[in-house]
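K.L.:
If you read the protein sequences in the order shown, they are chains A and G.
Residues in the first sequence are numbered from 82 upward in steps of one, following our numbering.
Residues in the second sequence are numbered from 82 upward in steps of one, following our numbering.
Number of protein chains: 2
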Amino acid sequence: MSPRPARRPPPTPRPRSPGRGRARRRRRGRAHRSRRPGARRGRGGSPRRARHTPAAGRSAAPGRRPTRPASAARRPHHRAPRCARPRPCRTPRPAGRRARRGPRSRRVVRRDAARIYHRIMTVVGAAVPSIALARVPDGAPRPEDFVLVDLPREEVADGQVRVRVLTLSLDPYQRSTLGGRHLGDAPVGPGGLVPGRAVGEVVESRSPEVAVGSTVLAETGWRAEAVVPATAVVPVVVPPGVPLSAALGALGMPGLTAYAAHERHLRPQAGATVVVGAGTGGVGAVAGQLARLAGARAVAVVGSEEKAAIATDRLGYDEAVLRGPGLDGALAEACPDGIDGYLHLGDQATLDVVMERLAVGARVSLCGLMDQYNGAAPTRLRAGAVMAARAEVHGMVVHDHHDLALDHATRVAALLASGELVTVEDRCTGLADAPAAFARLMSGTNVGKVLVDL
Amino acid sequence: MSPRPARRPPPTPRPRSPGRGRARRRRRGRAHRSRRPGARRGRGGSPRRARHTPAAGRSAAPGRRPTRPASAARRPHHRAPRCARPRPCRTPRPAGRRARRGPRSRRVVRRDAARIYHRIMTVVGAAVPSIALARVPDGAPRPEDFVLVDLPREEVADGQVRVRVLTLSLDPYQRSTLGGRHLGDAPVGPGGLVPGRAVGEVVESRSPEVAVGSTVLAETGWRAEAVVPATAVVPVVVPPGVPLSAALGALGMPGLTAYAAHERHLRPQAGATVVVGAGTGGVGAVAGQLARLAGARAVAVVGSEEKAAIATDRLGYDEAVLRGPGLDGALAEACPDGIDGYLHLGDQATLDVVMERLAVGARVSLCGLMDQYNGAAPTRLRAGAVMAARAEVHGMVVHDHHDLALDHATRVAALLASGELVTVEDRCTGLADAPAAFARLMSGTNVGKVLVDL
């Protein structure tokens, strides 16, 4: 999965001095409130939990499980909510409201202030809060590798539009642009804006083609708003009852990746066994459901019991197996006739195990190299296993498959609308939380498509 | 390239005691002469050199280079001829006839005696000289890993035929049956007959389908004759002017491997660049010529300057590059637009270099893992390189492509007959020389298809 964001060089960020930010907050901070109801729920160390958004109709059907997975209810209350802080707290907090009254660390205070400041800046339009790279991550990225900065607000020239970001998409490919290892993408060095795609609202337009108020997809980068060419934005179209954010997930680039891998690389037949390397991720969740809908036996490889439950209960996988030392035995049990299709989105160890269990004529799509993106040794696959299975191994780069975009949009939108295909989203609120959400994504602890609502 | 010989368990060999062999030679040895003229040329430490058999017509064309490569003429005379001995001699011999008068080592004497004995046994039909595995080779096989044994002469039952071996084919897949690592083939342990395919003459038949005197292909193993089911032999058909042995090379299993890899995996278009990992070997020589005939730029990876000359001068490759540390630079020069097709028949280092130079949309056929057959670490390929090139990697097992056999036979026979496709053969004489020839094949020092004439 390797999208190629717009190649415009990122504007030079102006790192904000702590003193200046504080001064602004003193001047303006307390006078403003968010325009969006509920936005303030996100502050104070208790932002919203990850929301799992089912497709309309499916969860409402009688006799079905409730929308929220059972495991979510089991989650101990002292565990830090998903987007709250870079690290989960170490000691259990007392129950009830007292938890909110405890001392808050300087970091949490600073982050909350940053979030408030960012909302103000968005509203008053004085500057554009953005996330820049502080340093090239060493291994899996950490929140400290990023910094919230103010970018000067750009003017809108002829043929351009200003897009206010509503929801930002976080994707694994972004990791490999940090340090410049991603295929064909401009590398992002320290101080550079992190690239990213978002659903946004056009708030200013100097193009007759794009109306103010329209909802569009745009390559904005990680910032509150962006001025982009009118030709580079795409109207967001989702079926009734499906959230706009689906345009970034099942109907967006991850969905197209899954669709193309399914249609062009895996091509499972009824009765075949398809293994998806990260079964509940943004790409994997769609691919697994497409395989199931094609009549294949779909098996998810996941990183936790919680994800296994989501895979089988919500996404309809026939089986879910846990990554790690027991994977080989679990796969042997889950795939007694071997593996006919494998979508690789995982790590070296998973690849090694799966390759040895391929059935003759297996088809493999190499779609994501999560550990390698984090700087691990290059992922390699055993040639003898490819030969033994007479396998066909494909490298997946989504840009090669844009000719499938219309097919994909039509098919997946219909499946979403009918509830045959559901989405799992891992959302948090506030640009300041994007680094922590990204760190979670790149360590594989997200569940579903990772989105940041602004 | 992974043929699957007939699964009959090899007859238990009866290792010959040195005394018994010597006694027989005393009794019968000197009374017989070979029935085939020229066969005695092979004895005495100076057997025939490797013969390079061009297709009729091609080498005879005016202005072309002579049949024997220039390098053969340059070879210093003191170098041991290809099939003479397991190791080349260490000290230069004096020139001229004196070389034959020098003292002969006990090993040479013993080997010559074995060859004479083998021919006698074949003629008188008292036993069947055969090559058994003495021990499972550690790494590349050596001649000492094999032993010449007598097998009891079997009776021909109803529906069986007795095939006298004329030419035995040596192939890399045989290496991995030694010790039992080959795909689906019965493992060969110490004492077991080494499997192999041969062109032979039917000398006894209890089947109305197969006439005595007919020339057939059969899975005989490494022995002078074999009793096999009549249904398991295939009549040898070669175009006029083409040697019968072509049925074991360009028209046989290596040729079908190359043809299938060309037609189904590489599918080069005019102007594409195809790299062949062992460009002058049994499979590679055919694949390279098919690529050239399809209008592709064909580049051979070879192990010596001698082979490079054969690749470009005889086989028509556009370029030949040497394996080893300089390969990357040489490939960069030979393939300025990247590599569109790669037939892997080589080693890990070659694979590593080639994979990094694949063009977008490249097609790779994993056809032989020479170093791995010899017990090296499993060959692995970098997943990121597959993704970067959006490559399609296929595992080649020739049995999957027998439906192409008629196409292959028709097309390649026509090309051989017209001289558009030539064969390069590395032949030696006498079953006793098979182990040394096999060791040469598995160390990559052969030039062309390795054959043993009996």
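Ideal Cβ positions, reconstructed from N, Cα and C, are used throughout, including at glycine.
Quick one: list the residues of chain A neighbouring G:H475, beta-carbon separation under 7 Å, in chain order.
P.N.:
Working through the second sequence from its first residue, we reach residue 475 of chain G at position 394. What G:H475 touches in chain A: E473.
K.L.:
Given that a residue counts as buried once 16 or more other Cβ atoms are within 10 Å of its Cβ, and exposed if not, what is A:P268?
P.N.:
Sequence index remark: in the first sequence, residue 268 of chain A carries index 187 (1-based). Burial call: exposed.
K.L.:
Quick one: which chain G residues come within Cβ less than 7 Å of A:G240?
P.N.:
Here residue 240 of chain A is taken as the residue at index 159 of the first sequence, counted from 1. Per Cβ cutoff of 7 Å: no residues; A:G240 is ~31 Å from chain G at best.
K.L.:
Check whether the Cβ atoms of G:A411 and G:V380 lie closer than 7 Å to each other.
P.N.:
The residue given as residue 411 of chain G occupies position 330 in the second sequence. The residue given as residue 380 of chain G occupies position 299 in the second sequence. No, the pair does not count as a contact, with Cβ atoms beyond the cut-off.
K.L.:
Just mark G:Q241 as buried or exposed, buried being the case when its beta carbon has 16 or more other beta carbons within 10 Å.
P.N.:
As a working note, residue 241 of chain G is residue 160 in the second sequence. So G:Q241 ends up on the buried side.
K.L.:
Looking only at DSSP bridge pairs, what is G:I212 linked to?
P.N.:
For the purposes of this step, residue 212 of chain G is identified with residue 131 of the second sequence, where counting begins at 1. Per DSSP, G:L229.
K.L.:
What is the residue span of the alpha helix (DSSP H) that A:Q350 lies within?
P.N.:
To locate residue 350 of chain A, count along the first sequence from 1; it is residue 269. Where A:Q350 is concerned, there is no enclosing alpha helix (DSSP H), because DSSP gives it neither an H nor an E.
K.L.:
Name the chain G residues that come within less than 9 Å of A:P268, Cβ to Cβ?
P.N.:
Reading the first sequence from its first residue, position 187 is the one you call residue 268 of chain A. Result: empty, since nearest Cβ-Cβ is about 15 Å, beyond 9 Å.
K.L.:
Report the option in G:S385, G:V531, G:H483, G:A368 whose CA atom is closest to the CA atom of G:R404.
P.N.:
What you label residue 404 of chain G is simply residue 323 of the second sequence in a count that begins at 1. Looking at the Cα atoms, G:S385 is the closest of the given residues.
K.L.:
Within this structure, are the beta carbons of A:T361 and A:A390 separated by less than 7 Å?
P.N.:
Residue numbering aside, residue 361 of chain A sits at position 280 when the first sequence is read from its first letter. Residue numbering aside, residue 390 of chain A sits at position 309 when the first sequence is read from its first letter. Result no, Cβ atoms of A:T361 and A:A390 do not sit closer than 7 Å.
K.L.:
Which residues, in chain order, does the segment 372-385 of chain G contribute to contact with chain A at a C-beta distance below 9 Å?
P.N.:
Cβ contacts with chain A: none found.
K.L.:
Name the residue from G:V531, G:E506, G:G525, G:G442 whose alpha carbon lies nearest to the alpha carbon of G:A515.
P.N.:
As a working mapping, residue 515 of chain G is identified with position 434 in the second sequence. Considering only alpha carbons, the answer is G:V531.
K.L.:
On a CA-only basis, which of G:V283, G:E300, G:L298, G:A299 is nearest G:A292? Give me that one, please.
P.N.:
Working through the second sequence from its first residue, we reach residue 292 of chain G at position 211. G:A292 has its Cα closest to that of G:V283, out of G:V283, G:E300, G:L298, G:A299.
K.L.:
Whose C-alpha, out of G:L535, G:A518, G:V533, is nearest the C-alpha of G:N527?
P.N.:
As a first step, residue 527 of chain G is located in the second sequence; it is residue number 446 there, counting from the start. Residue G:A518 is the option with its Cα nearest to G:N527.
K.L.:
With a cut-off of 8 Å on the beta carbons, I'd call G:V356 and G:V318 a contact; round off their distance for me.
P.N.:
Your numbering for residue 356 of chain G matches position 275 in the second sequence. Your numbering for residue 318 of chain G matches position 237 in the second sequence. With a Cβ gap of about 32 Å, G:V356 and G:V318 do not count as contacting.
K.L.:
Helix, strand or coil, according to DSSP, for G:E344 in the structure here?
P.N.:
For this step, residue 344 of chain G is matched to residue 263 along the second sequence. Three-state DSSP puts G:E344 in a helix.
K.L.:
Kindly indicate if chain A contains any beta-carbon less than 7 Å away from that of G:P459.
P.N.:
By 1-based counting over the second sequence, the position of residue 459 of chain G is 378. With 7 Å as the cut-off, G:P459 counts as an interface residue toward chain A.
K.L.:
Restricting to runs no shorter than 3 residues, where is the beta strand (DSSP E) found entirely within the segment 494-521 of chain G?
P.N.:
506-510
K.L.:
If you draw a straight line from the C-alpha of A:E280 to the C-alpha of A:V230, how long is it?
P.N.:
For the purposes of this step, residue 280 of chain A is taken as residue 199 along the first sequence, with counting starting at 1. For the purposes of this step, residue 230 of chain A is taken as residue 149 along the first sequence, with counting starting at 1. Note that residue 280 of chain A is Val in the sequence shown here, rather than Glu. The alpha-carbon atoms of A:V280 and A:V230 are separated by roughly 21 Å.
K.L.:
Quick check: A:G363 and A:G330, are their CB atoms within less than 7 Å of each other?
P.N.:
Sequence index remark: in the first sequence, residue 363 of chain A carries index 282 (1-based). Sequence index remark: in the first sequence, residue 330 of chain A carries index 249 (1-based). Cβ distance < 7 Å, so A:G363 and A:G330 count as in contact.
K.L.:
Does DSSP classify G:N527 as helix, strand or coil?
P.N.:
As a first step, residue 527 of chain G must be located in the second sequence, where it is residue number 446. Correct three-state label for G:N527: coil.
K.L.:
Measuring only the C-alpha atoms, how far is A:R444 from A:V275?
P.N.:
For the purposes of this step, residue 444 of chain A is taken as residue 363 along the first sequence, with counting starting at 1. For the purposes of this step, residue 275 of chain A is taken as residue 194 along the first sequence, with counting starting at 1. Those two C-alpha atoms are separated by around 34 Å.
K.L.:
Distance check for A:G427 and A:A161, CA to CA, integer angstroms please.
P.N.:
The residue labelled residue 161 of chain A in the question sits at position 80 within the first sequence. The residue labelled residue 427 of chain A in the question sits at position 346 within the first sequence. Reliability fails at A:A161, whose pLDDT of 36 lies under 50, so the model's placement of it is uncertain and no value is given.
K.L.:
Mind checking if A:V356 is an interface residue toward chain G, Cβ cutoff 7 Å exclusive?
P.N.:
Your numbering for residue 356 of chain A matches position 275 in the first sequence. It does not: the Cβ of A:V356 has no partner Cβ on chain G nearer than 7 Å.
K.L.:
Going along the chain, which unbroken runs of the beta strand (DSSP E) with 3 or more residues stay wholly within the segment 289-376 of chain A?
P.N.:
296-300, 306-310, 354-357
K.L.:
For G:V478, which three-state DSSP category applies?
P.N.:
Here the question's residue 478 of chain G lines up with position 397 in the second sequence. Under the three-state reduction of DSSP output, G:V478 falls in the coil class, being neither helix nor strand.
K.L.:
Report the neighbours of A:L462 on chain G: residues whose CB is nearer than 9 Å to its CB, in chain order.
P.N.:
If you number the first sequence from 1, residue 462 of chain A lands on position 381. Correct list: R461, L462, R463, A464, V467, V474.
K.L.:
As an exercise, report each continuous alpha helix (DSSP H) stretch of at least 4 residues that is fully enclosed by the segment 233-289 of chain G, in chain order.
P.N.:
Entirely contained in the segment 233-289 of chain G, the alpha helix (DSSP H) runs reaching 4 residues are, in chain order, 254-258.
K.L.:
Pick helix, strand or coil for A:Y423, following the three-state DSSP scheme.
P.N.:
As a first step, residue 423 of chain A must be located in the first sequence, where it is residue number 342. Three-state result, A:Y423: strand.
K.L.:
Tell me which residues share the same chain as G:G456 and place their Cβ nearer than 6 Å to its Cβ, disregarding the 5 neighbours each side in the sequence.
P.N.:
Looking up residue 456 of chain G in the second sequence gives position 375. Closer than 6 Å at Cβ, skipping near neighbours: G220.
K.L.:
Which term fits G:R181, buried or exposed, when burial requires 16 or more other beta carbons within 10 angstroms of its beta carbon?
P.N.:
As a working mapping, residue 181 of chain G is identified with position 100 in the second sequence. At G:R181 the pLDDT is 47, less than 50, meaning the model places this residue with poor confidence and gives no usable figure here.
K.L.:
Return the residue from the list G:P222, G:V314, G:D239, G:R287 that minimises the CA-CA distance to G:G260.
P.N.:
By 1-based counting over the second sequence, the position of residue 260 of chain G is 179. Out of G:P222, G:V314, G:D239, G:R287, G:P222 has the C-alpha closest to the C-alpha of G:G260.
K.L.:
May I have the straight-line CA-CA distance separating G:L462 from A:V244, to the nearest angstrom?
P.N.:
To locate residue 462 of chain G, count along the second sequence from 1; it is residue 381. To locate residue 244 of chain A, count along the first sequence from 1; it is residue 163. The straight-line gap from Cα to Cα measures roughly 43 Å.
K.L.:
Quick one: Cα of A:L522 to Cα of G:A215, how far?
P.N.:
Walking along the first sequence from the start, residue 522 of chain A turns up at place 441. Walking along the second sequence from the start, residue 215 of chain G turns up at place 134. Looking at the two C-alpha atoms, the distance is approximately 57 Å.
K.L.:
Taking the C-alpha atoms as reference points, what is the distance between G:L496 and A:L396?
P.N.:
As a first step, residue 496 of chain G must be located in the second sequence, where it is residue number 415. As a first step, residue 396 of chain A must be located in the first sequence, where it is residue number 315. The alpha-carbon atoms of G:L496 and A:L396 are separated by roughly 56 Å.
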